[in-house]
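See below for the structure under consideration.
There are 2 protein chains.
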Amino acid sequence: MSAPKEISLKKIANHVDEKRLWGRLMDLGKIGATKNDGVCRLALTDEEIKARQLLIDWAKAMGLSVYTDAISNLFFRYEGLKNDEAPVVTGSHIDSQPTGGKFDGAFGVVAGFEVIAAMQDSGFRPQAPLEIAVWLNEEGSRFSPGMMGSEAFTSRRSMEQILVVEDADGVKTEDALAQTLASFPDIKQRPLGFPIKTFIEAHIEQGPILEAHAVSVGVVTGIQGSRRYRVKVVGEDGHAGTLPTPQRKDALFAAIEMIRAMRHKFDVEDMKYTVGLFEVSPNVPSVIPSTTFFSIDLRHPDWQTLKDMGDLVMTICEQNKGPCTVTVTEIATSESLEFPSEIRECISAAADEIGIANMPILSMAGHDARQLHYHCPTGMIFSPCDGGISHNEMENCNPSDLAEVTCVLAGALAKLSG
Amino acid sequence: MSAPKEISLKKIANHVDEKRLWGRLMDLGKIGATKNDGVCRLALTDEEIKARQLLIDWAKAMGLSVYTDAISNLFFRYEGLKNDEAPVVTGSHIDSQPTGGKFDGAFGVVAGFEVIAAMQDSGFRPQAPLEIAVWLNEEGSRFSPGMMGSEAFTSRRSMEQILVVEDADGVKTEDALAQTLASFPDIKQRPLGFPIKTFIEAHIEQGPILEAHAVSVGVVTGIQGSRRYRVKVVGEDGHAGTLPTPQRKDALFAAIEMIRAMRHKFDVEDMKYTVGLFEVSPNVPSVIPSTTFFSIDLRHPDWQTLKDMGDLVMTICEQNKGPCTVTVTEIATSESLEFPSEIRECISAAADEIGIANMPILSMAGHDARQLHYHCPTGMIFSPCDGGISHNEMENCNPSDLAEVTCVLAGALAKLSG
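Protein sequences appear in the order of chains A and G. Start counting at 1 in the first sequence, then tack on 255, and there's your number in this note's numbering. Start counting at 1 in the second sequence, then tack on 255, and there's your number in this note's numbering.
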């Protein structure tokens, strides 16, 4: 039915509409918009429910079928010529950081819609069906850790573990999830973990490399590993004016010594060491802190380096606890991974066929593709973003870069769907 | 009318009822009781309103008149023989730290009730009227800084400055105050700053000195000075996995360097350096902190040492800000002060007359008496507390120590009322 491949890819790419793509991104970005031009659209909130409705409206207008599952992932299906085959899937997430941008996650979802629109406009019908997936709670800002949708789908984490997670207000994932699912009673649920032929996620790079090389398409080679910890330091509260210094068990000062000692130890090339969450109790000016609780996020492209450094976290915390006690919990470990060469080659071949410059790049950030990698052949395509800035309201992209990545995504998906 | 003084003081002291005093402390401690046997009774909350009602009930049962003022201080008046004279006032506060104890503040108020009860029981009627004051928001846990009642009363801070202060939820002092005042529509308001003949505050020491000396009555010589700051560090948020370390503006790491550098600089004898409040934004695990906000509480018995060290705060913060910016604000400065010798001598003479061992002691904590000192002749009497522990749910006292302090308070107030 379809034209010879080489012609077909260019033809589809010609129907990728930069204005439509950008317009949809801006429309989605209005939902949860912050006053500083960013987005706050946390998982399972009313804002995220509104965003889901917008996607559903787009899908219905395009004649796509809509599905969900027990963890409230969304799937938008473009039927192929062979609908008994496992689908080729693209997509990303629509939740954001509290002070996030309009592109992180959103681009991968909107690009999926643009790919299908371009295929429809060009008259291209894939062999295997093509689906856009929207994975729940990639960011993990409200319910932590994130990647809940892709981890539940791929059984990398059990529903039991996920459902009991609470947000800062004590709301359980289970209850917030029920509310979201109840908002869309007409959407059919499919089982978690159904077979997928291939998964390709388009995403912004969130780093400075593509921009520095002035290349608009990054063929992602793999994802750097990460180790995540929670540290609880317990001292003893007391009066700020009366308790003599030698008798103090100051949980803040102990935590500071730990964080600083790790900072010096982890000062090796390419290591990223972040303490993003830091909480003090009772957190009043005239009381010596009795408890501190903080996160550690450690990432390095080389798994052995990351492993060796991460193994030091507990020792460094113990060595610097002073008169306090400390508990270190590693809550998530992700080894560095490499996407299959055939997927990477398929993406770069599609780019070459369409005539778009591309380069290999390692992902420094984690993505839902990390989980899908253990479920089916998986790959990713990156777009540059301004200054490499992400997880920030200033996050921005060049519309033509996004369109070029969408062309390559369309080409790769067309090839992979057979 | 009254018996010769020497006999009178002993007679009054004989009517101080340890069980009644302790019982009232325990009854007051039930309001806002925490599960760990402490008290959380923040200023201008429903809990504090309940506590006010309890005091009013006691006062009415004892035939005392009740007054309030524009800042919702409470006054319970025991008429004297010369009611046109300025009153002799005792009292303290009933608000607590979020994880506070049953004695800090509460003891000074309950001791006032016990003194009047003992006077009534012994048939003693003072010349000048005697009043119990309950000063609003000494702790400053909810609305910071504290000492609002005594500062407004003595015009050490203007009502305009106080009313705009907001709590962590954005509630203004003005609105919370209006709610508290509206809860007691029948209580007469008196002007702020009316003349006071003498103010004596009984309080727990909140330090280990009296306990170490096994002396139950401390005659307070003065209050160590304090300097309080708020520091805001502004960096830039970014993705924890992608932003290379050299490009980061991590507001948490900068704050940590500041706090640690100050800790080393302020490591001099008798210095107390506390960072009790510490807040990070956006405070999520995978975002580099863009902002930190923290408190500094610095105290030293010697004003010159405190002045010199406090003057270094801004420089040390500037020197350690790294790629971030920093703003340092000194929100409160209290010079070390010495109570008038005639008040101290009156207290120790009363103790001697009653036959209770006593010793001079410097207050390491700030108290409402600090403000009253600038309004009228002022003094303080301390009781030991277990292990010197305070601002802590484990705060505890010996009932007989509290009774002995109350006897001395009764004796001193009897002498001072003429």
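The beta carbon of each residue, even a glycine, is placed where N, CA and C say it ideally should be.
query: Can you pull the chain A neighbours of G:Gln626, defined as C-beta to C-beta under 8 Å?; result: Those do not exist, as G:Gln626 stays about 16 Å from chain A at its closest Cβ, beyond 8 Å.
query: Only counting the same chain, and skipping five residues up and downstream in sequence, which positions put a Cβ closer than 6 Å to that of A:Phe548?; result: Lys487, Glu534
query: Roughly how many whole angstroms lie between the Cα atoms of G:Ser655 and G:Asp552?; result: 33 Å
query: Do A:Trp558 and A:Ser591 count as a contact pair if the criterion is CB distance below 8 Å?; result: yes
query: Please determine, among A:Ala298, A:Val370, A:Ser471, A:Thr580, the residue with the shortest C-alpha to C-alpha distance to A:Lys265.; result: A:Val370
query: Please classify A:Met256 as buried or exposed, where buried requires at least 16 neighbouring CB atoms within 10 angstroms.; result: A caution first: A:Met256 carries a pLDDT of 41, below 50, which makes its placement in the model too unreliable to give a value.
query: Do you know how far the Cα of G:Arg445 is from the Cα of G:Thr661?; result: 27 Å
query: Assign G:His555 to one of three DSSP states: helix, strand, or coil.; result: strand
query: By the 8 Å beta-carbon criterion, what residues does the region 487 to 514 of chain A contribute toward chain B?; result: The structure shown contains no chain B; its protein chains are A and G.
query: Taking 8 Å as the CB-CB limit, is A:Gln559 close to chain G?; result: no
query: Would you say G:Asp350 reaches chain A, if we count a Cβ-Cβ gap shorter than 8 Å as a contact?; result: no
query: Taking Cβ-Cβ distances shorter than 9 Å, what residues in chain A pair up with G:Met414?; result: Those do not exist, as G:Met414 stays about 22 Å from chain A at its closest Cβ, beyond 9 Å.
query: So which residues of chain A does G:Met517 contact, with C-beta pairs closer than 8 Å?; result: None at all; the shortest Cβ gap to chain A is about 11 Å.
query: Buried or exposed, going by whether 16 or more other CB atoms sit within 10 Å of the CB of G:Thr409?; result: buried
query: Go to G:Asn575, then tell me how far its beta strand (DSSP E) extends in each direction, as first and last residue.; result: No beta strand (DSSP E) contains G:Asn575, which DSSP labels as neither H nor E.
query: Quick one: complete alpha helix (DSSP H) runs, 4+ long, within the region 504 to 534 of chain A?; result: 506 to 520
query: Whole-angstrom Cβ separation of A:Ser347 and A:Val364, contact assumed at under 8 Å?; result: 5 Å
query: When the Cα atoms are used, what is the spatial distance from A:Pro499 to A:Met649?; result: 46 Å
query: Can the beta-carbon of G:Gln382 be found closer than 8 Å to that of G:Met317?; result: no
query: Counting Cβ pairs, one atom from each stretch, are 3 or more of them under 8 Å apart for the region 609 to 618 of chain G and the region 500 to 507 of chain G?; result: no
query: Along chain G, which residues have their Cβ under 9 Å away from the Cβ of A:Ile636?; result: Chain G residues near A:Ile636: none, gap ~16 Å exceeds 9 Å.
query: When the cut-off is 8 Å and only beta carbons count, does G:Ser481 lie next to chain A?; result: yes
query: Can you tell me the Cα-Cα spacing of G:Met564 and A:Val472, whole angstroms?; result: 56 Å
query: Let's test the definition: count the other Cβ atoms within 10 Å of the Cβ of G:Glu261 and tell me whether it reaches 16, buried, or not, exposed.; result: For G:Glu261, the pLDDT reaches just 42, beneath the cut-off of 50, and the residue's location in the model is therefore unreliable, although a value from the coordinates is still provided. Under this definition G:Glu261 is an exposed residue.
query: List the residues that DSSP assigns as beta-bridge partners of G:Met614.; result: G:Gly473
query: State the beta-bridge partners of G:Ala587 as determined by DSSP.; result: G:Arg483
query: Which residue wins for smallest C-alpha separation from G:Thr435, given the options G:Gln626, G:Ser327, G:Gly673, G:Ser638?; result: G:Ser327
query: For A:Phe358, which three-state DSSP category applies?; result: coil
query: Identify every run of the beta strand (DSSP E) within the region 611 to 665 of chain A, keeping only runs that are complete inside it and at least 3 residues long; order them along the chain.; result: 613 to 618, 633 to 638
query: Mind checking G:Gln626: buried by the 16 CB within 10 Å criterion, or exposed?; result: buried
query: Starting from A:Arg411, trace the alpha helix (DSSP H) in both directions and tell me its first and last residue.; result: Looking at the DSSP string, A:Arg411 is not in any alpha helix (DSSP H), and its letter there is neither H nor E.
query: In the DSSP assignment, what are the bridge partners of G:Gly346?; result: G:Ala388
query: Just the C-alpha distance for G:Glu659 and G:Ser645, rounded to the nearest angstrom, thanks.; result: 20 Å
query: Which of the three DSSP states, helix, strand or coil, is assigned to A:Glu393?; result: coil
query: May I ask which residues mark the beginning and end of the alpha helix (DSSP H) holding G:Ala457?; result: That residue, G:Ala457, is in no alpha helix (DSSP H); its beta strand (DSSP E) goes 453 to 459.
query: Would you kindly report the start and end of the unbroken beta strand (DSSP E) that includes A:Thr435?; result: Per DSSP, A:Thr435 belongs to no beta strand (DSSP E); it is in the alpha helix (DSSP H), 428 to 437.
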